[in-house]
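Just below is one structure, and these are the notes that go with it.
Residue numbers (the numbering used here): 147 to 421.
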């Protein structure tokens, strides 16, 4: 399906993309193929797809031999997805629902699945948090806003470095990033997009709820000295200072200057408290 085919379908059905749902439909099959290849999908893989829309990516995944479990929020696409299911058979399974509530579609958890999706950009943060709170899929391959992708992989000391990126980097390594022109979508988004693929580390780390909540709190004042923030929270500052010193830091350090390894150790030592 190219742009002309998609527009013709819109005209024949009276469908129009919903801005509130962040709908920008992929019209370049080559990009769908590229994302599937970058994600390393092989025959027999179980793949979760968010927002299958009119099935451009779904078809490529099934052609590759994957079994797709898709979730779609837009009820207007229900009849189309029923037809797509008949076309693709048992290799395409779908449900209506909110991907933030059901990040693995009809699967109970991640297991050894992959997630490959043209993700509605507005849900990136809450959806990704839910994904990692329930499991760690082998691969997450997304069509993503470039700014969001760079924020997720921001290094320590970068103003974009924060809790969600720290959690992602504790569990995944960047496999690839590829620029996507706006012309590959209909309607074309006003922002830059990328193909963004991360692969699960051998020993992925999930931060405890108390630690992650503590990180979120101190990062709301990321430019203030961590020692002062910890004192106001009533935490064990001497133990924190011993940890920071171990990582070559002092009491003047700010949250955005604390490396991933130190946050992981803080979690292991329950320095924010016990879950």
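A virtual CB, placed ideally from N, CA and C, is assigned to each residue, including glycine.
Inset, instruction - Under 6 angstroms Cβ to Cβ from residue 230, same chain only, skipping five residues before and after it: list those, please. - result: 201
Legend entry - Residue range of the unbroken beta strand (DSSP E) whose run includes residue 214: 213-218
Inset, instruction - Might you give, ordered along the chain, the residues of its own chain that have their beta carbon closer than 6 angstroms to the beta carbon of residue 393, omitting 5 neighbours on each side? - result: 408
Legend entry - Residue burial classification, residue 333 (beta-carbon count within 10 angstroms, cutoff 16): exposed
Legend entry - Check whether residue 194 and residue 267 have beta carbons under 7 angstroms apart: no
Legend entry - Short Cβ contact (7 angstroms threshold) for residue 373 with residue 339: no
Inset, instruction - Indicate the three-state DSSP secondary structure (helix, strand or coil) for residue 241 in the structure shown. - result: strand
Legend entry - Own chain partners of residue 261 with C-beta closer than 6 angstroms, once the 5 adjacent residues on each side are dropped: 194, 283 and 286
Inset, instruction - Please confirm whether residue 421 and residue 355 have their CB atoms less than 7 angstroms apart. - result: yes
Legend entry - Coarse secondary structure for residue 254, derived from DSSP in three states: coil
Legend entry - Bounding residues of the beta strand (DSSP E) (the contiguous stretch that carries residue 318): 318-326
Legend entry - Buried/exposed call for residue 401, threshold 16 Cβ in 10 Å: buried
Legend entry - Beta-carbon spacing of residue 300, residue 270 below 7 angstroms: no
Legend entry - Through-space distance from residue 244 to residue 237, alpha-carbon basis: 21 angstroms
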